[in-house]
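> So that we are looking at the same thing, I have put the structure below in C-alpha cells.
Residue numbers (this note's numbering), protein chains in the order written: chain A, 8 to 335; chain B, 8 to 335.
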C-alpha cells in the first residue's frame with residue numbers, strides 16, 4: 008500500500024464477508040423467503056463479495072421450525088434450493104455458516120464433510136468463557152475439510168487478561184481468522200486500535216488473519232471497520248443497509264464504496280437493497296437510534312434498548328435514559 | 008491526557024459548539040419558531056455546551072423575510088426575544104452567528120459592537136478562493152470586540168497547495184479557531200488525519216485552535232470528529248439528532264455521550280431532541296441514505312442527492328447511481 012494516499016489504493020488480500028442473512032436473521036428469526044436469500048446471493052456474486060454467510064447452523068430443538076425460518080438451521084437441502092450447484096471457483100463467492108458454542112448448535116453432528124456441502128467456511132461463535140468448546144469445534148470443522156474462523160463475541164466486556172488467554176488458545180486452533188466482535192457496538196476508535204493490535208500481536212506468525220465485526224449503536228460500525236482495515240485487518244463483516252439486530256451492522260454498500268479493489272461493484276448491491284432490503288424496513292426496526300446510543304455508551308447488550316423500541320413509546324428517550332442511567 | 012486509556016479521560020480545553028439552529032436552518036430555510044430556538048438554547052445551557060450558533064447573519068435582500076425565518080438574519084431583537092438578557096458568565100454558554108463571504112452577508116454593516124450584542128463569537132464562512140475577503144471580515148469582527156473563527160468550506164475539494172496558501176493567510180488573521188469543514192461529507196479517517204495535522208502544523212505557535220465540522224454522508228461525521236479530537240482539535244461542531252442539510256451533521260448527543268468532561272450532561276439534550284427535534288422529522292428529510300452515500304463517495308456536493316430525495320422516487324438508488332456514476 009502506498010503511503011502517499013493509501014485511501015485510493017487497495018490490498019488484494021482484504022476480503023469482505025456479507026452476513027446479511029445470518030446476522031439479519033436475528034431481526035426476523037431467520038424468516039427470509041427463498042427469493043430474498045437468492046437475491047442477496049446473486050447480489051454478492053455480482054458485487055464481487057468474497058464470502059456470504061447464509062445463516063446459522065442452530066438446532067431445531069432450541070430454535071423450532073414453526074417459529075424460525077430455515078436460515079437458522081441451514082440444512083444442506085435448504086441451501087441447495089437457493090444456490091443450486093453453487094461453485095466458488097465459478098462465482099468467486101464462498102458460502103459460510105455460523106455455529107454457536109454453548110448448546111445452540113449440535114456441532115458434532117450438524118456438519119457434512121466439506122466435499123458434500125455448498126459451504127466453504129465454518130464460523131465458530133463463542134463467548135470468551137466458551138473458548139475451550141470453540142477450540143474443539145474448530146478442530147472438528149477443520150477435520151471435515153472446511154475453512155474456519157473464530158468469532159469471540161462481546162469482546163468489549165472481556166477483561167484484558169482473559170482476552171490474552173483466549174488469544175493464546177485461539178493461536179493453537181486451526182482457525183484461519185480470528186474476528187474482533189463488538190457485539191455491544193460500544194468500541195471507540197482507540198479501543199479498536201488497542202484490540203486489533205493485541206490480536207495481531209498474539210496471532211503473529213501463526214498464519215492467521217484478524218477480522219472485524221462491528222455494530223452501529225454509536226454510528227461507528229463503518230468507521231471502526233475502516234480503522235481495523237487501516238491497522239491490517241483483512242477480513243471484514245458487513246450487511247446490506249446495515250440489516251441486523253438493534254442498531255444493525257456496518258453497511259456492505261458503504262464498505263464496497265470505500266474499498267478500491269476494482270473487483271468490487273456497488274450497483275448490484277444497491278439494486279438488491281432497493282428491491283429486497285429496504286421493503287423489510289416497513290416491518291422491521293433496525294438502525295441507530297438514541298436507545299441504542301445509550302446502551303452503546305454504557306457498553307451494555309442492546310437487549311434493553313430493543314425491548315424499549317418494541318414497546319409503546321420507542322422514542323421516549325428520557326424515560327429510557329432514566330431507566331438505564333439514573334435508576335441503575 | 009493519560010496514554011493508558013485516554014477514552015475515559017478528558018481535555019478541559021475541548022469545547023463543543025452546537026449549530027442545530029444555524030446548520031439545521033439549511034433544511035427549513037431557518038423557519039424555526041421562537042419556542043424551538045428557546046428549547047435548543049435552554050438544552051445547550053443545561054447540557055454544558057460551550058457555544059450555540061443561533062443562525063446566519065445573511066442579508067434580507069438575498070434571503071427575503073417572506074421566505075426565510077429570522078434565524079437567517081439574526082437581528083439583535085430577534086435573538087433577544089429568545090435569550091433575554093443572556094449572560095455567558097451566568098449560563099456558561101456563548102452565542103455564535105455565522106457570516107458568509109461572497110455577498111451573502113452585509114458584513115460591514117450587520118454587526119453591532121460586541122458590547123451591545125448577545126453574541127460572543129462570529130464565525131466567518133468562506134470557500135478557499137474567498138480567503139482574502141474572509142480575512143477582512145475577521146479583522147472587522149475582531150475590531151468590534153468579538154471572538155472569531157474561520158470556517159473554510161468544502162475543503163475536500165481544494166488542492167493541497169491552495170490549502171497551504173489559505174492556511175498561511177489564516178495564520179495572519181485574528182481568528183482564534185480555524186475549522187476543517189467537510190461540506191461534502193467525503194473525508195475518510197486518513198484524510199482527516201492529513202488535514203488536521205496540516206492545519207495544526209500551519210497554525211502552530213499562532214495561538215489558534217483547530218476545529219472540526221463534519222457531515223454524515225458516509226456515516227462518518229461522529230467518527231471523523233472523534234478522530235480530529237484524538238489529533239488535538241479542541242473545537243468541535245455538532246447538531247442535535249444530526250439535524251442538517253442532506254445527510255446531516257455529527258450528532259451533539261453522540262458527542263456528549265463520548266466526551267468525559269463531567270460538566271457535559273446528556274439528559275437535557277435527549278429531552279430537547281425528543282420534544283422538539285424528532286417531531287421535525289415528520290416534515291423534513293435529513294440523515295444518511297444511499298443517495299448521500301453516493302455523493303460522498305464521489306466527493307460531490309450533496310445538492311443532486313437532495314434534489315433526488317425531494318423527487319418522486321427518493322429510494323430509487325440504482326437510477327441515482329446511474330445518473331451520478333455511469334452517466335457522468
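For each residue, glycine too, the CB sits at the ideal point set by N, CA and C.
Output, in sequence order along the chain, the residues in the segment 279-306 of chain B whose CB is closer than 7 Å to any CB in chain A.
Residues passing the 7 Å Cβ filter: 280, 281, 285, 297, 300, 304.
> Between residue 43 (chain B) and residue 68 (chain B), what straight-line distance do the alpha-carbon atoms span, to the nearest angstrom?
In the second chain, counting from the first residue as 1, residue 43 (chain B) sits at position 36. In the second chain, counting from the first residue as 1, residue 68 (chain B) sits at position 61. The straight-line gap from Cα to Cα measures roughly 25 Å.
> Answer yes or no: do residue 222 (chain B) and residue 186 (chain B) have a C-beta to C-beta separation smaller than 8 Å?
Here residue 222 (chain B) refers to the residue found at position 215 when the second chain is read from its first residue. Here residue 186 (chain B) refers to the residue found at position 179 when the second chain is read from its first residue. Cβ distance not < 8 Å, so residue 222 (chain B) and residue 186 (chain B) don't count as in contact.
> Can you grab the Cα-Cα spacing for the pair residue 147 (chain A) / residue 180 (chain A), in whole Å?
By one-based count along the first chain, residue 147 (chain A) stands at place 140. By one-based count along the first chain, residue 180 (chain A) stands at place 173. Whole-angstrom Cα-Cα distance: 10 Å.
> Skipping 5 residues on each side, what residues in its chain have a beta carbon closer than 6 Å to that of residue 21 (chain B)?
Position 14 of the second chain, counted from the first residue, corresponds to residue 21 (chain B). Around residue 21 (chain B): 241.
> Report yes or no: is there a C-beta of chain A within less than 8 Å of the C-beta of residue 54 (chain B)?
As a working mapping, residue 54 (chain B) is identified with position 47 in the second chain. No, because no Cβ of chain A sits closer than 8 Å to the Cβ of residue 54 (chain B).
> Hey, residue 313 (chain A) and residue 284 (chain A): beta-carbon distance below 8 Å or not?
The sequence position of residue 313 (chain A) within the first chain is 306, counting from 1. The sequence position of residue 284 (chain A) within the first chain is 277, counting from 1. The answer is no: Cβ separation not under 8 Å.
> Would you call residue 199 (chain B) buried or exposed, if buried means 16 or more other Cβ atoms sit within 10 Å of its Cβ?
To locate residue 199 (chain B), count along the second chain from 1; it is residue 192. So residue 199 (chain B) counts as buried.
> What beta strand (DSSP E) runs, 3 residues minimum, are completely inside the segment 32-66 of chain B?
Whole beta strand (DSSP E) segments, 3+ residues: 58-63.
> So, with DSSP's three-state summary, where would you put residue 107 (chain B)?
Looking up residue 107 (chain B) in the second chain gives position 100. Here residue 107 (chain B) sits in strand by DSSP.
> Name the chain B residues whose beta carbon is nearer than 7 Å to that of residue 234 (chain A)?
Against the first chain, residue 234 (chain A) aligns to sequence position 227. Correct list: 196.
> What residue does the beta strand (DSSP E) around residue 219 (chain A) start on, and which one ends it?
As a working mapping, residue 219 (chain A) is identified with position 212 in the first chain. Note, residue 219 (chain A): beta strand (DSSP E), 216-220.
> Give me the residue from A:273, A:261, A:317, A:244 with the minimum Cα distance to residue 58 (chain A).
In the first chain, counting from the first residue as 1, residue 58 (chain A) sits at position 51. When each option's Cα is compared against that of residue 58 (chain A), the closest is A:244.
> Any residues in the segment 252-265 of chain A with a beta carbon nearer than 8 Å to a beta carbon of chain B? Which ones, in chain order?
Cβ contacts with chain B come from 258, 260, 261, 264, 265.
> Quick check: the Cα distance between residue 41 (chain A) and residue 28 (chain A), rounded to an integer number of angstroms?
Residue numbering aside, residue 41 (chain A) sits at position 34 when the first chain is read from its first letter. Residue numbering aside, residue 28 (chain A) sits at position 21 when the first chain is read from its first letter. Near 11 Å, if we compare the C-alpha coordinates of residue 28 (chain A) and residue 41 (chain A).
> Would you mind stating whether residue 267 (chain A) and residue 16 (chain A) have Cβ atoms separated by less than 8 Å?
Indexing the first chain from 1 puts residue 267 (chain A) at position 260. Indexing the first chain from 1 puts residue 16 (chain A) at position 9. Yes, they are a contact pair.
> Identify, in the order they occur along the chain, each residue of the same chain with its Cβ nearer than 6 Å to the Cβ of residue 126 (chain A), setting aside the five sequence neighbours on each side.
As a first step, residue 126 (chain A) is located in the first chain; it is residue number 119 there, counting from the start. Counting only Cβ-Cβ distances below 6 Å, and skipping sequence neighbours, we find 102, 104.
> Could you name the residues of chain B that residue 238 (chain A) contacts, counting a contact when the two beta carbons are closer than 9 Å?
In the first chain, the residue the question calls residue 238 (chain A) occupies position 231. None at all; the shortest Cβ gap to chain B is about 11 Å.
> Which residue spans inside the segment 166-206 of chain B form an unbroken beta strand (DSSP E) run of at least 3?
For the segment 166-206 of chain B, whole beta strand (DSSP E) runs of length 3 or above, ordered along the chain, are 184-188.
> Could you work out which residues of chain A lie near residue 322 (chain B), taking near to mean beta carbons separated by less than 8 Å?
Looking up residue 322 (chain B) in the second chain gives position 315. Chain A residues near residue 322 (chain B): 281, 285.
> Step through the CB atoms of chain A and report whether any lies within less than 8 Å of the CB of residue 243 (chain B).
Within the second chain, the letter at position 236 stands for residue 243 (chain B). So, not an interface residue.
> May I have the straight-line CA-CA distance separating residue 121 (chain A) from residue 64 (chain A), to the nearest angstrom?
In the first chain, the residue the question calls residue 121 (chain A) occupies position 114. In the first chain, the residue the question calls residue 64 (chain A) occupies position 57. Looking at the two C-alpha atoms, the distance is approximately 15 Å.
> Where do the ends of the alpha helix (DSSP H) carrying residue 231 (chain A) lie?
One-based indexing of the first chain puts residue 231 (chain A) at position 224. Segment 228-237, the alpha helix (DSSP H) holding residue 231 (chain A).
> Between residue 1 (chain B) and chain A, is the shortest Cβ-Cβ distance under 8 Å, so that the two count as touching?
This structure leaves residue 1 (chain B) out entirely; chain B is present only between 8 and 335.
> Let's see if you can read the secondary structure: which residues bound the alpha helix (DSSP H) around residue 274 (chain B)?
Within the second chain, residue 274 (chain B) is the residue found at index 267, counting from 1. That run of the alpha helix (DSSP H) goes 274-279.
> Strictly by DSSP, which residues pair up with residue 242 (chain B)?
By 1-based counting over the second chain, the position of residue 242 (chain B) is 235. Paired residues: B:22, B:218.
> Is there contact between the segment 44-55 of chain A and the segment 299-311 of chain A, where contact requires at least three CB pairs shorter than 8 Å?
The segment 44-55 of chain A vs the segment 299-311 of chain A: no contact.
> Answer yes or no: does any C-beta atom of chain B fall closer than 8 Å to that of residue 328 (chain A)?
In the first chain, the residue the question calls residue 328 (chain A) occupies position 321. It does: the Cβ of residue 328 (chain A) has a partner Cβ on chain B nearer than 8 Å.
> When the Cα atoms are used, what is the spatial distance from residue 334 (chain A) to residue 139 (chain B)?
Against the first chain, residue 334 (chain A) aligns to sequence position 327. Against the second chain, residue 139 (chain B) aligns to sequence position 132. Going by the C-alpha atoms only, they are around 55 Å apart.
> Give me the DSSP bridge partner(s) of residue 132 (chain B).
Residue 132 (chain B) sits at position 125 when you count from the first residue of the second chain. According to DSSP, residue 132 (chain B) bridges with B:107, B:158.
> Once the 5 residues before and after residue 8 (chain A) are set aside, which same chain residues still bring their CB inside 7 Å of it?
The sequence position of residue 8 (chain A) within the first chain is 1, counting from 1. Only weak support exists for where residue 8 (chain A) lies, its pLDDT of 41 falling under 50; the value from the coordinates is given anyway. Answer for residue 8 (chain A): 16, 18, listed in chain order.
> Is the segment 188-197 of chain A close to the segment 210-217 of chain A, with three or more CB pairs under 8 Å?
In short, these stretches do not touch, since the Cβ pair count stays below three.
> With a Cβ-Cβ cutoff of 8 Å, do residue 83 (chain B) and residue 112 (chain B) count as a contact?
The sequence position of residue 83 (chain B) within the second chain is 76, counting from 1. The sequence position of residue 112 (chain B) within the second chain is 105, counting from 1. No, Cβ-Cβ distance for residue 83 (chain B) and residue 112 (chain B) is not below 8 Å.
> Report yes if the C-beta distance between residue 278 (chain A) and residue 325 (chain B) is below 8 Å; otherwise report no.
Taking the first chain and counting its residues from 1, one reaches residue 278 (chain A) at position 271. Taking the second chain and counting its residues from 1, one reaches residue 325 (chain B) at position 318. Contact flag set, yes.
> Just how far apart, CA to CA, sit residue 24 (chain A) and residue 159 (chain B)?
Working through the first chain from its first residue, we reach residue 24 (chain A) at position 17. Working through the second chain from its first residue, we reach residue 159 (chain B) at position 152. Answer to the nearest angstrom: the Cα atoms are 39 Å apart.
> What residues in the segment 12-39 of chain A bring their beta carbon closer than 7 Å to a beta carbon of chain B?
Under the 7 Å Cβ criterion, the segment 12-39 of chain A contributes 13, 14.
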